[in-house]
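According to our numbering, the sequence shown is numbered sequentially starting from 3.
Ideal placement from N, C-alpha and C gives every residue a C-beta, glycine not left out.
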Amino acid sequence: MRVLITGAHGQVGHELVRLTPAGFTAIALGSAELDISTPDQVASILGELQPQLIINAAAYTAVDKAESDSERAYAVNAKGAENLATAAAKLGIPLLHISTDYVFSGDANSPYKETDPTNPTGVYGASKLAGEQAVANHCAQHIIMRTSWVFGAHGNNFVKTMLRLAQTRDELGVVADQHGCPTSAASIAKALWALASQYRSDGSLNWGTYHFSNTPATTWHGFAEEIFQQAVALEQLAKAPKVNPINTVDYPTPARRPAWSVMDCSLIEEKLNIAQNDWRDELSEVLKQLAV
Ligand SMILES: NC(=O)c1ccc[n+]([C@@H]2O[C@H](COP(=O)([O-])OP(=O)(O)OC[C@H]3O[C@@H](n4cnc5c(N)ncnc54)[C@H](OP(=O)(O)O)[C@@H]3O)[C@@H](O)[C@H]2O)c1
3 MRVLITGAHG QVGHELVRLT PAGFTAIALG SAELDISTPD QVASILGELQ
53 PQLIINAAAY TAVDKAESDS ERAYAVNAKG AENLATAAAK LGIPLLHIST
103 DYVFSGDANS PYKETDPTNP TGVYGASKLA GEQAVANHCA QHIIMRTSWV
153 FGAHGNNFVK TMLRLAQTRD ELGVVADQHG CPTSAASIAK ALWALASQYR
203 SDGSLNWGTY HFSNTPATTW HGFAEEIFQQ AVALEQLAKA PKVNPINTVD
253 YPTPARRPAW SVMDCSLIEE KLNIAQNDWR DELSEVLKQL AV
């Protein structure tokens, strides 16, 4: 089965390509080969390549920059998603699309379900929500997978930032009042390929919107402590810096971060047989990859 992967050089895109299972051919296109915000390019490239399924890993992910660059954020996250959905529907093929916990306000205190009302607080989340709506409206055969706190060996993320800071600091302050679930790019890629495999064998899927993250919930502070503990155990760091808990108000950013990002991932297990894995095991894999 020929699967088009957009945003193929991003964190998740990279893992999708790396983990392509036997029996699938990944057509991996970065933004230079396919700019999803350009409808003519999307239509002509898809018409030429004739994929049998699309996985959209392309997105404008610069959360803070989006606040002052909303036109571009919407062009990629909303219009880009719509362009792919329209082209997929025209070809009669499914679209697996990735979205985010930032579609929620973050004011809850129990895990978000797919049916909970959305209410993004920033441009990035709003543009991703518009993308979800476009996918659902234009392509009946769709999966929208909302995920959170993505990390991996490839690309920029919290794990790599912490490891870099640990080279020069004995002590650092990390936000301890935002709660969420770190999720490895590899686990997202494996879940998406499992869905592609189900579709290939059954000719269908339980289409719709699902939450998928690793488990258990933590804070950025808890995540940082685990990163340092594992990196010391693996002898990637000589000594763990002291991690001081700080509050969001002490670390102001242009975009407001949700205080609560934890999502209930039971629906994807029930309907699509995708189980959650422990982010601490995923982290250990990523640290080993970074060591080589
Ligand atoms: N990172 C997180 O913590 C996080 C959390 C929740 C959900 N998500 C979602 O997970 C998905 C994957 O995110 P990620 O972390 O892998 O992001 P990423 O590393 O920033 O990768 C996104 C990729 O999209 C590409 N892209 C940007 N504009 C494009 C365009 N117009 N056409 C085609 N490609 C374009 C980028 O290419 P260039 O670099 O060449 O522009 C980049 O390689 C996204 O849908 C994101 O919203 C991410």
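Subject >> Paired residues, beta bridge with N279 - DSSP >> reply: In the DSSP output, where bridge partners are listed per residue, N279 has none listed.
**OP:** Determine the DSSP secondary structure at K67, reduced to helix, strand or coil.
**Re:** In the three-state scheme derived from DSSP, where H, G and I count as helix and E and B as strand, K67 is classed as helix.
Original post:
In this structure, does DSSP put T185 in helix, strand or coil?
Top reply: Three-state result, T185: strand.
Subject >> Three-way DSSP call (helix, strand, coil) for G127 in this model >> reply: G127: helix per DSSP, three-state reduction.
**OP:** Determine the direct distance from the alpha carbon of D252 to that of S39, and round the result to whole angstroms.
**Re:** Going by the C-alpha atoms only, they are around 36 Å apart.
Subject >> CA-to-CA distance, T120 to V5, given in whole angstroms >> reply: C-alpha separation (whole angstroms): 30 Å.
Original post:
Are there 16 or more other CB atoms within 10 angstroms of the CB of D283, so buried, or fewer, so exposed?
Top reply: Counting Cβ neighbours within 10 Å, D283 comes out exposed, since fewer than 16 surround it.
**OP:** Pick out the complete beta strand (DSSP E) segments inside the region 93-122, 3 residues or longer, and give them in chain order.
**Re:** The qualifying runs are 97-102.
Original post:
If you pair each beta-carbon of the region 28-37 with each one of the region 202-217, do three or more pairs fall below 8 Å?
Top reply: Contact annotation: the region 28-37 does not touch the region 202-217, with fewer than three C-beta pairs closer than 8 Å.
Subject >> C-beta atoms of A90 and I56 nearer than 8 Å >> reply: Remark: C-beta atoms of A90 and I56 approach each other more closely than 8 Å.
Original post:
Name the DSSP bridge partner or partners of L31?
Top reply: According to DSSP, L31 bridges with T8.
Subject >> Burial state of E84, where buried means 16 or more other Cβ atoms lie within 10 Å >> reply: Taking all protein chains in view, the Cβ of E84 is crowded by 16 or more other Cβ atoms within 10 Å, so the residue is classified as buried.
Original post:
Per DSSP, R148 is paired with what?
Top reply: Under DSSP, R148 forms a beta bridge with S101, H213.
Original post:
Taking contact to mean at least 3 C-beta pairs separated by less than 8 Å, is the region 117-137 in contact with the region 149-161?
Top reply: No, they do not touch.
Subject >> Anticipated Cβ contact below 8 Å, E173 with G124, distance rounded >> reply: No, E173 and G124 are not in contact; Cβ-Cβ is about 30 Å, not under 8 Å.
Original post:
Does at least one heavy atom of ligand 1 sit under 7 Å from the Cβ of K130?
Top reply: Yes, the Cβ of K130 comes within 7 Å of a heavy atom of ligand 1.
Original post:
Does any heavy atom of ligand 1 sit closer than 7 Å to the C-beta of Y114?
Top reply: No.
Subject >> Alpha-carbon to alpha-carbon, A59 and T27 >> reply: Cα-Cα distance, rounded: 16 Å.
Subject >> Touch test, the region 91-107 against the region 232-244, Cβ-Cβ under 8 Å, three pairs minimum >> reply: Contact between the region 91-107 and the region 232-244 is absent: fewer than three C-beta pairs spanning the two stretches fall below 8 Å.
Subject >> Distance, I145 Cα to K130 Cα >> reply: The straight-line gap from Cα to Cα measures roughly 14 Å.
**OP:** For V14, verify whether its CB is less than 7 Å away from any heavy atom of ligand 1.
**Re:** It does: the Cβ of V14 is within 7 Å (strictly closer) of some heavy atom of ligand 1.
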